[in-house]
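Heads up, the thing below is written out as structure tokens.
In structure tokens, the structure reads:
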């Protein structure tokens, strides 16, 4: 027991290389702070400007609700279409990229595609597609589709690589085809995680669909940017509140989708559980009195 405790302490005790690495990291942080011209005076001035800006945001102006709802609907459409296309394309790409199912000559090119799709921020990709296909929602859909492939493809391939190969070998021994092996031995092991990946990406695309519009790729982002340029801050506040509401609705939908596909719940069961959660109050116990 004493030996085991001493061994753990020796493992946790930092050696000279760890101390040297910590010192180098601290030195670089100090150097980077100096190079970036970060100072408390600028932070204090920024807080004062932020307070003045917040005062100009309120009260929000929802008078142009038609333009606002049109932008939100377009952002929602961009997110849903991009997520759908990304999921459809990520499924075969994730299988091909899984190194435990496919040979290296097939998996490495697929991984290169996934890494390339994940290398750039969606706004940068949106700028490229705006140059390619012009302004509008199509550029946003294509940009977020690329982002979805990079995220879902990577996580799906990693999930497949973590499955138990015993089921795969058992199904393969029966003479099943590759598609049969995938349907019987692979998909049941990764289905729950795949649903989680997809719902998270939909939530991410909802947020990003409000950003790509700033560069002309459709959605509410273009309306937000135009309002900033006009110094129309009360309308900016209305747009920001609407974006928050859209993201909250997307989060609720994602929660229900996970409950249906992963927990096997029905809408009636979810509704009953929600009512029970709202109506339940902690009861006082008098056992000890």
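In our numbering, the protein residues as written are 2 to 290.
Yeah, the Cβ is synthetic: ideal placement off N, Cα and C, and Gly gets one too.
- Counting only residues of its own chain and dropping the five nearest sequence neighbours on each side, residue 53 has no CB closer than 7 angstroms to any other CB.
- Judged by DSSP in its simplified three-state form, residue 72 adopts helix.
- By a beta-carbon distance limit of 8 angstroms, residue 112 contacts residue 98. Their separation comes to about 5 angstroms.
- By the neighbour-count criterion, in which 16 or more other beta carbons inside 10 Å mark a residue as buried, residue 223 falls on the buried side.
- The three-state reading of DSSP puts residue 235 in helix, counting H, G and I together.
- Taking C-beta separations shorter than 6 angstroms and ignoring five residues to either side along the sequence, the partners of residue 101 in its chain run 162, following chain order.
- Two segments are said to touch when three or more pairs of C-beta atoms, one from each, lie closer than 8 angstroms; by this definition the segment 60-79 touches the segment 214-221.
- When C-beta atoms of the segment 150-169 are compared with those of the segment 116-132, three or more pairs fall below 8 angstroms, so the two segments count as touching.
- Shortest Cα-Cα distance from residue 124 to any of 243, 57, 214 involves 214.
- Straight-line measurement puts the Cα of residue 31 at about 38 angstroms from the Cα of residue 242.
- Under the three-state reduction of DSSP, residue 203 is assigned to helix.
- The C-beta distance from residue 94 to residue 114 rounds to 6 angstroms, short enough to meet the 8 angstroms contact threshold.
- Take residue 62, set aside five residues on each side of it, and the residues of its chain with a beta-carbon closer than 6 angstroms to its own are 235, 236, 239, in chain order.
- The three-state secondary structure of residue 95, taken from DSSP, is helix.
- Leaving aside the five residues that flank residue 154 on each side, the residues in its chain whose CB is nearer than 6 angstroms to its CB run, in chain order, 91, 94, 95, 115.
- Sixteen is the threshold: when 16 or more other Cβ atoms of the shown chains lie within 10 Å of the Cβ of residue 212, as they do, the residue is buried.
- The shortest CA-to-CA distance from residue 158 to any of 170, 183, 167, 171 is the one to 183.
- Annotated three-state conformation of residue 105 is helix, per DSSP.
- Annotation: residue 259 to residue 204 spans about 13 angstroms, alpha carbon to alpha carbon.
- When only Cα atoms are considered, residue 69 and residue 208 end up about 16 angstroms apart.
- The residue from 139, 105, 137, 81 with its alpha-carbon nearest to that of residue 248 is 81.
- DSSP, reduced to helix, strand and coil, places residue 62 outside both helices and strands of the structure shown, so it counts as coil.
- DSSP places residue 253 within a helical segment (H, G or I) once states are collapsed to three.
- Comparing alpha-carbon positions, the option among 228, 88, 106 lying closest to residue 196 turns out to be 88.
- Here residue 210 is not near residue 139, since their CB atoms are 8 angstroms or more apart.
- In the DSSP assignment, residue 157 falls within the unbroken alpha helix (DSSP H) covering 138-162.
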